[in-house]
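Asks:
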Ligand SMILES: [Zn+2]
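In the working numbering, the protein residues as written are 10 to 515.
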């Protein structure tokens, strides 16, 4: 069985997850679920980045030992991911022994390759970013991200010979254009590398909250070098058999565009130095920003979009961000657009197709269907939708996949209007027509649930169960190109109709 190993960035635990962090996890989750439906042995890794001066500071401010603080934050993060239906297979923490062991092993490899040396480092250091800035990159003497004045640091550190890898990196990117997507990120990275790479400092003398440098306990491994390595330690590095041989190299690192340089220059150079194969693709996604205006009575005092998951279900938040914020660009979350999308797409389109189909099956046929074929031209619509959906998901254009699923929803809803089953039901001579129509609608609904499962797992599963389909959606696989899924059972009483997405009143 082919494998698919997907990771997200691991998160600093000095703050609770926000919408931007959630967006990345939701997108990666949709991709992981899609790959499982496609029959891949999928491994989805997430985790927390715990060795940071910021984390240590946050812990001390709360009067906690950093490890104790990180334990608490693990619970907080996992709770949020659970609420959002994120189906990760493993959750790594950079304080875990499995990670520490792997980091030190990789550093031994750098040393053996002659890529580490000791030198003096002086420069402007932003604690928020955990990185040095050349003076030319500061804006009015301040960090471009944090707008704070960086510290002047001067200390003896270990350096990694990044400069050695400019040529090999360019060569790799040229041979494997899919290594960095989207193209705009690839061009950025190529420009940076062509501008020349300097060796970088990979240890800190001042910080003690981190992984000790092998054979030099006075130094701690720089948090970024520590964090990046989670992608290999998460599958068992330095063991070379078992998990590691099964899943490495990673097929997709999903990360924010602000950290592409770490993932597309430093990380592959580290792997080259250690003789470990490079990940296939790094996707640097855009940002989702939250426009916090409040304009609805029913939203009350919700100010954090994550609370939308408690109020209206995780599915509606997942749908919104995946539809409105393609991975290729930035986007906004606004309550206005959220309510609009929710009411029109979810309540009116998909919700209505579900409610009316199931209600009619109960009203006219006592709750079960006697035919289950995609009559009335629906078969071709579904076959095309599956093809377009897969094409889009394979390119990580999740919004295109959603759009493909919606062609079935729209066609099925239009069919109800055109065929007016309420009239067919009055005419006994047309009973066969009504049977065929209800069966076709059930099949259409089934396929929308299947295709939208990676995006909205909860409501899709509800539809699936209402149609009495087995096995459960996580066990179902795509049908062969040109075919449909095995149909819902005939003669079996279906579940009740219920509002899938009750309208939000302003
Ligand atoms: Zn900064």
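The C-beta atom is built at its ideal place from N, Cα and C for all residues, glycine as well.
Name the two residues that bound the continuous beta strand (DSSP E) containing residue 335.
Replies: Neither: residue 335 is in no beta strand (DSSP E) and is coded neither H nor E.
Asks: Nearest to residue 356 by alpha carbon, out of 509, 64, 384 and 414?
Replies: 509
Asks: In the DSSP assignment, find the alpha helix (DSSP H) that holds residue 366 and state where it starts and stops.
Replies: 361-374
Asks: Within 7 Å: the Cβ of residue 273 and any heavy atom of ligand 1?
Replies: Not under cutoff, so the answer is no.
Asks: Using only the alpha-carbon positions, how far apart do residue 303 and residue 348 sit?
Replies: Only weak support is given to the placement of residue 303: the predicted model assigns it a pLDDT of 49, under 50, and the question is left unresolved by the model.
Asks: Run through DSSP, which three-state label would residue 161 get?
Replies: DSSP places residue 161 in the strand class (E or B) of the three-state scheme.
Asks: Out of 113, 22 and 111, state which residue places its alpha-carbon closest to the alpha-carbon of residue 89.
Replies: 22
Asks: Going by CA-CA distance only, name the one from 155, 225, 140 and 223 that's closest to residue 233.
Replies: 140
Asks: Does the region 460-472 come close enough to the region 398-416 that 3 or more CB-CB pairs lie under 8 Å?
Replies: yes
Asks: Alpha helix (DSSP H) containing residue 141: first to last residue?
Replies: That residue, residue 141, is in no alpha helix (DSSP H); its beta strand (DSSP E) goes 140-142.
Asks: Which term fits residue 515, buried or exposed, when burial requires 16 or more other beta carbons within 10 angstroms of its beta carbon?
Replies: exposed
Asks: Okay, do the region 10-26 and the region 42-56 touch, 3+ Cβ pairs below 8 Å being the bar?
Replies: yes
Asks: Thinking just about the alpha-carbon of each residue, which of 129, 65 and 448 is nearest to the one in residue 369?
Replies: 448
Asks: For residue 148, count neighbouring C-beta atoms within 10 Å of its own C-beta (all shown protein chains included) and say buried if the count is 16 or more, exposed if not.
Replies: It is exposed - the Cβ of residue 148 has fewer than 16 other Cβ atoms within 10 Å.
Asks: Distance check for residue 376 and residue 294, CA to CA, integer angstroms please.
Replies: If I take the Cα positions, the gap works out to 45 Å.
Asks: Put residue 463 into one of helix, strand or coil per three-state DSSP.
Replies: coil
Asks: Mind checking who residue 132 pairs with in its DSSP beta bridge?
Replies: 162
Asks: Going residue by residue through the region 71-113, where are the continuous alpha helix (DSSP H) segments of at least 4 residues, counting only ones entirely within it?
Replies: 75-92
Asks: Pick from 80, 350, 186 and 426: whose alpha carbon is nearest that of residue 59?
Replies: For residue 59, the nearest C-alpha among the options comes from 80.
Asks: Can you give me the C-alpha to C-alpha distance between residue 469 and residue 109, rounded to a whole angstrom?
Replies: 40 Å
Asks: Does the Cβ-Cβ distance between residue 214 and residue 165 come in under 8 Å?
Replies: Cβ atoms of residue 214 and residue 165: closer than 8 Å.
Asks: So residue 485 and residue 46 are supposed to be a Cβ contact under 8 Å. How far apart are they, rounded?
Replies: 7 Å
Asks: From the DSSP output, which residues share a beta bridge with residue 235?
Replies: Answer is none; residue 235 lacks a bridge partner.
Asks: Using a threshold of 8 Å, state whether the C-beta atoms of residue 259 and residue 16 are closer than that.
Replies: yes
Asks: Report buried or exposed for residue 75, applying the criterion of at least 16 other Cβ atoms within 10 angstroms of its Cβ.
Replies: buried
Asks: Using 10 angstroms around the beta-carbon of residue 286, count the other beta-carbons present and answer buried if the total reaches 16, otherwise exposed.
Replies: exposed
Asks: Can you find a heavy atom of ligand 1 that lies under 7 Å from the Cβ of residue 154?
Replies: The closest heavy atom of ligand 1 lies less than 7 Å from the beta carbon of residue 154.
Asks: Taking DSSP as the reference, what is the three-state secondary structure of residue 55?
Replies: strand
Asks: Apart from the five residues just before and just after residue 506, which ones in its own chain have a Cβ nearer than 7 Å to its Cβ?
Replies: 364, 367, 368 and 371
Asks: Which first and last residues belong to the alpha helix (DSSP H) in which residue 184 is found?
Replies: 175-184
Asks: Quick check on residue 286: does DSSP put it in helix, strand or coil?
Replies: coil
Asks: Since residue 154 and residue 132 should fall inside the 8 Å C-beta cutoff, what is the C-beta to C-beta distance between them, to a whole number of angstroms?
Replies: Residue 154 to residue 132, Cβ: 16 Å. No contact.
Asks: Would you mind sorting residue 66 into buried or exposed? The rule is 16 or more other CB atoms within 10 Å of its CB.
Replies: Exposed.
Asks: With a CB to CB cut of under 7 Å and the five nearest residues on each side skipped, what residues in its chain are close to residue 338?
Replies: Counting only Cβ-Cβ distances below 7 Å, and skipping sequence neighbours, we find 295.
Asks: Where does residue 277 land, buried or exposed, given buried means 16+ other C-beta within 10 angstroms?
Replies: buried
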